[in-house]
Amino acid sequence: MNIRQQDDLTVKLGEEISPIDLFVNDDDAAIEFEGLPEGMVGVADSRTISGVPTEPGTYEITVTAFNQFEVEETMSFSITVEETE
Numbered sequence: 000m001n002i003r004q005q006d007d008l009t010v011k012l013g014e015e016i017s018p019i020d021l022f023v024n025d026d027d028a029a030i031e032f033e034g035l036p037e038g039m040v041g042v043a044d045s046r047t048i049s050g051v052p053t054e055p056g057t058y059e060i061t062v063t064a065f066n067q068f069e070v071e072e073t074m075s076f077s078i079t080v081e082e083t084e
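Residues 0 to 84 in numbering that gives the first Met the number 0 are what the sequence shown spells out, letter by letter.
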């Protein structure tokens with residue numbers, strides 16, 4: 000089981016981001032998200048991250064996928080939320 004690596008992102012505070020699609024090559028794997036900025040959510044069923052970030056900063060996101068055989072895979076990337084000018 001693999002999770003495709005997501006590039007680091009820079010987004011603007013208070014602006015809705017386009018959904019980030021995550022690819023996991025096991026359709027039955029469960030997905031968990033950690034470290035998301037305030038205002039953003041990870042949706043396991045659609046394997047996406049979306050929302051409107053409400054706090055500036057740099058966030059280290061960890062996505063974990065695991066299957067019924069207890070195989071686990073993690074992938075990390077960062078989202079930097081910049082204040083708008």
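Just so you know, even glycine gets a beta-carbon here, dropped at the ideal spot from N, CA and C. Quantities reported herein were computed from a predicted structural model and do not represent experimental measurements.
* **Whole-angstrom distance between ASP20 and THR53, CA atom to CA atom** => Their Cα atoms are separated by approximately 21 angstroms.
- Reduced DSSP category for GLU59 - H, G, I as helix; E, B as strand; rest coil: DSSP, reduced to helix, strand and coil, places GLU59 within a strand of the structure shown.
Should GLY50 be labelled buried (16 or more other beta-carbon atoms within 10 Å of its own) or exposed? So GLY50 ends up on the buried side.
What does ALA29 pair with, by DSSP beta-bridge criteria?
-> PHE65.
| Expressed to the nearest angstrom, what Euclidean distance is found between the alpha-carbon atoms of MET74 and LEU12? | If I take the Cα positions, the gap works out to 24 angstroms.
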